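K.L.:
Counting in numbering that gives the first Met the number 0, the sequence shown runs from 0 upward without gaps.
Virtual Cβ for every residue (Gly too), placed ideally from N, Cα, C.
In this text, all values refer to a predicted model and were calculated from it rather than measured experimentally.
Have a look at the structure that comes next, please.
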Amino acid sequence: MLRNTKMHKFTKTCHIRTVIFLVCFVFSYNFVLSYVSAQSLGFSLSKSIVDIELLPGTSFNGNIQVVNNSKDAALPISMLLDHFDQKDEAGDIDFVNVTPELNALSWFQFKQGKELVLNPGETKNLVFTIEPPKTALPGSYYVIMRFSPLFGEGFFIGESARQVPQIGVLFFIKIADLGLDVPREKYGARLMGLALQDRNNKVKTLGEALLPIANAGILETALQKIELRILNTGRYYFIASGQVIIKNWLGGTVYKIELPKKYLLPDRVRKLELDAPAIQAEFSGFFDRFRHTLYATLYNNTFFGPYTAEINLDIPEQKPLTAAISFWVVPWKFWMPFLIIMVAVIWLLVKLRHRLRLAFFTLIGR
Numbered sequence: 000m001l002r003n004t005k006m007h008k009f010t011k012t013c014h015i016r017t018v019i020f021l022v023c024f025v026f027s028y029n030f031v032l033s034y035v036s037a038q039s040l041g042f043s044l045s046k047s048i049v050d051i052e053l054l055p056g057t058s059f060n061g062n063i064q065v066v067n068n069s070k071d072a073a074l075p076i077s078m079l080l081d082h083f084d085q086k087d088e089a090g091d092i093d094f095v096n097v098t099p100e101l102n103a104l105s106w107f108q109f110k111q112g113k114e115l116v117l118n119p120g121e122t123k124n125l126v127f128t129i130e131p132p133k134t135a136l137p138g139s140y141y142v143i144m145r146f147s148p149l150f151g152e153g154f155f156i157g158e159s160a161r162q163v164p165q166i167g168v169l170f171f172i173k174i175a176d177l178g179l180d181v182p183r184e185k186y187g188a189r190l191m192g193l194a195l196q197d198r199n200n201k202v203k204t205l206g207e208a209l210l211p212i213a214n215a216g217i218l219e220t221a222l223q224k225i226e227l228r229i230l231n232t233g234r235y236y237f238i239a240s241g242q243v244i245i246k247n248w249l250g251g252t253v254y255k256i257e258l259p260k261k262y263l264l265p266d267r268v269r270k271l272e273l274d275a276p277a278i279q280a281e282f283s284g285f286f287d288r289f290r291h292t293l294y295a296t297l298y299n300n301t302f303f304g305p306y307t308a309e310i311n312l313d314i315p316e317q318k319p320l321t322a323a324i325s326f327w328v329v330p331w332k333f334w335m336p337f338l339i340i341m342v343a344v345i346w347l348l349v350k351l352r353h354r355l356r357l358a359f360f361t362l363i364g365r
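Shown next, in the form of C-alpha cells:
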C-alpha cells in the first residue's frame, strides 16, 4: 500500500459537566447496507457506503438524501468529514489524522454547503463532488461523512448526560495507478490463521505456519463456526467473496458456507466468521421445543469420521486463495454412556448365557 504514513488517533474533548455519547449506525463496516434508518434519531440517510474508483484529475458527482422523520418539528443538520481506518480485526473503525499529501478531505466539494435545515417530513439532497488532484498518489483512501442534528446552547445545560446522535456514510475511494510500473500487486491476500469451533464451544486454532494445508485434530461434536484471519497484501481494498465447502471422507459435499461480504483493507488483517448451518424450526409449545432440542442434539452428534474444509477466497484480477483443512469429528462424550451401557448388557448376556438358555428352553417346554 502506497499510503505509508503514520496515523494518529485523536480524541474529542467534552464539556466538564456534559457527557456526549456518539451513536453511529455504520461505524463498523461489517455489512454493506442499502439504507440507513434512524427513526429514534429523528433523521435518516439514503446511503451508508459509497465505493468508487477514480483516476487522478477526474471527478465523481454524487448525492445523499437526508430525511427528517419528524412530522412536527424542523431539524437543522450539520455534516463533518474525517479520515478513518480499521481499528481491529473485528472490523471496527477509528478516526485518524493523515499527512497532507494523503488528505482526501480536500477532494470533497459541496454545492450548497455542509448544513441543511429540514422541515417536518422533508427530504433534501446533499450534493457533492469528489475531485482528486492530478498529483494524487495511487492507493486506497477512507473518508467518513458524519451527520448530526444541531442543538441550541440550552441543550447542554444541566447535570444529566446528553446524547448527540450521529449517522455516518463511509467512503471507500480507489485512486488508480495509470498503468505505472509498480512492484506491488494491486490485489492479494494471505491466510494468517484459522480456527474451528464445535457445538461444545471447543476451539481448534491453526497459525499461519501450518497453512494452507493442515490437520486441525479432533472435534467433539459437529462443526459450529469457522473463523478465518485474512491479510490483504495488495495495494487496494476489496470485498471478500467466496465459500468454504465441507466434505466427508468420501469426497461428498456436506454443506457450503458463503464468505461474509466484508471489506479487506490493504496491510490489515480482517477476521471473517462463518456459521455452519443449523437446524431451523418454529416452536408452538413446550413439546415442540423439546422434540426439536432432542432431534438437534442427536443430529449434531451423528457426524463421525474425517472431514475436510476447503476454503476459496476470490481475489480481483488474481487466482483464488485456497486452503484445505482436515479434521475429525468424534462425539465420544455423547456416545460414551451408551457404549458403556451396551458393553455392560453384552457382558451380562455372555455371563448369564447358560441360565438364559435354560430358562428359554423351559419357557418353550423343551
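Which partner residues does ASN62 have in the DSSP bridge list?
P.N.:
BP columns for ASN62 point to VAL126.
K.L.:
Looking only at C-alpha atoms, which of GLU114, TYR140, PHE59, LYS70 sits nearest to GLY120?
P.N.:
Closest option to GLY120, Cα to Cα, is LYS70.
K.L.:
Taking the alpha carbon of LEU210 as the reference point, which residue from LEU222, ASN231, LEU190, PRO336 has its own alpha carbon closest?
P.N.:
Checked all of LEU222, ASN231, LEU190, PRO336; the closest Cα to LEU210 is LEU190.
K.L.:
Could you check what DSSP says for LYS246 in three-state terms: helix, strand or coil?
P.N.:
Three-state result, LYS246: strand.
K.L.:
Give the DSSP bridge partners of PHE326, in chain order.
P.N.:
Paired residues: TYR306.
K.L.:
Throw me the rounded Cβ distance for the LEU258 and GLY233 pair, which I believe falls under 8 Å.
P.N.:
Not quite, the Cβ-Cβ distance comes to about 17 Å (not below 8 Å), so this is no contact.
K.L.:
Could you pull out every residue in the same chain whose Cβ sits closer than 6 Å to the Cβ of GLY187, ignoring the five residues on either side in sequence?
P.N.:
Here the set comprises THR232, GLY233.
K.L.:
Could you tell me the boundaries of the beta strand (DSSP E) in which PRO276 lies?
P.N.:
PRO276 -> no beta strand (DSSP E), and no H or E assigned at all.
K.L.:
DSSP state of ALA295, grouped into three classes?
P.N.:
ALA295: helix per DSSP, three-state reduction.
K.L.:
Spell out the partners DSSP gives PHE171 in its beta bridges.
P.N.:
ASP50, TYR141.
K.L.:
Let's see if you can read the secondary structure: which residues bound the beta strand (DSSP E) around THR252?
P.N.:
From DSSP, the beta strand (DSSP E) with THR252 extends over 252–257.
K.L.:
Between which two residues does the beta strand (DSSP E) carrying LYS425 extend?
P.N.:
No answer is possible for residue 425: the residues shown for the chain start at 0 and end at 365.
K.L.:
Taking C-beta to C-beta, are PRO330 and GLU219 nearer than 8 Å?
P.N.:
Yes, the Cβ-Cβ distance between PRO330 and GLU219 is below 8 Å.
K.L.:
Within the continuous alpha helix (DSSP H) that includes LYS332, where are the two ends?
P.N.:
It spans 331–350 - the alpha helix (DSSP H) in which LYS332 sits, taken as one unbroken run.
K.L.:
If you draw a straight line from the alpha carbon of PHE333 to that of PHE171, how long is it in whole angstroms?
P.N.:
Cα to Cα, the separation comes out at about 49 Å.
K.L.:
Going by C-alpha distance, which of ARG198, ASN118, LEU193 is nearest ALA208?
P.N.:
Answer by Cα proximity: LEU193.
K.L.:
When you compare the CB positions of ALA275 and LEU222, do they come within less than 8 Å of one another, or not?
P.N.:
Result yes, Cβ atoms of ALA275 and LEU222 sit closer than 8 Å.
K.L.:
Is LEU74 buried or exposed, if buried means 16 or more other CB atoms sit within 10 Å of its CB?
P.N.:
Buried: at least 16 other Cβ atoms inside 10 Å.
K.L.:
Between which two residues does the beta strand (DSSP E) holding ARG189 run?
P.N.:
Residues 188–197.
K.L.:
Are the beta-carbon atoms belonging to LYS203 and ALA213 less than 8 Å from one another?
P.N.:
No. Outside cutoff.
K.L.:
Ignore the nearest five residues each way along the sequence and tell me which others in GLY392's own chain have a CB closer than 6 Å to its CB.
P.N.:
Missing from the structure shown is residue 392; the chain here goes from 0 to 365 and no further.
K.L.:
Let me know if ASN60 comes out buried or exposed under the rule of 16 or more other beta-carbons within 10 Å of its beta-carbon.
P.N.:
Classification of ASN60: exposed, given that the 10 Å Cβ count is below 16.
K.L.:
Can you tell me the Cα-Cα spacing of LEU205 and MET335, whole angstroms?
P.N.:
Each residue's alpha carbon lies about 28 Å from the other.
K.L.:
Could you give the residue range of the beta strand (DSSP E) that holds ALA115?
P.N.:
Correcting the residue identity first, residue 115 is Leu in this sequence and not Ala. Taken as a continuous stretch (DSSP letters only), the beta strand (DSSP E) holding LEU115 covers 114–117.
K.L.:
Using three-state DSSP, classify ARG183 as helix, strand or coil.
P.N.:
Correct three-state label for ARG183: coil.
K.L.:
Please classify SER105: does DSSP put it in a helix, a strand, or coil?
P.N.:
Of the three classes helix, strand and coil, the one that applies to SER105 here is helix, per DSSP.
K.L.:
Could you spell out the range, first to last residue, of the beta strand (DSSP E) harbouring LEU44?
P.N.:
Its beta strand (DSSP E) spans residues 42–44.
K.L.:
Have a look at GLY250 and PHE302 and give me their C-alpha separation to the nearest angstrom.
P.N.:
Each residue's alpha carbon lies about 15 Å from the other.
K.L.:
Out of PRO315, ALA322, TYR298, which has the shortest C-alpha to C-alpha gap to GLY309?
P.N.:
For clarity, residue 309 is Glu in the given sequence; the question names Gly instead. For the residues PRO315, ALA322, TYR298, the minimum Cα distance to GLU309 belongs to ALA322.
K.L.:
Around the Cβ of PRO265, are there at least 16 other Cβ atoms within 10 angstroms (buried) or fewer (exposed)?
P.N.:
So PRO265 ends up on the buried side.
K.L.:
Terminal residues of the continuous beta strand (DSSP E) containing GLY216?
P.N.:
Looking at the DSSP string, the run of the beta strand (DSSP E) that includes GLY216 is 212–218.
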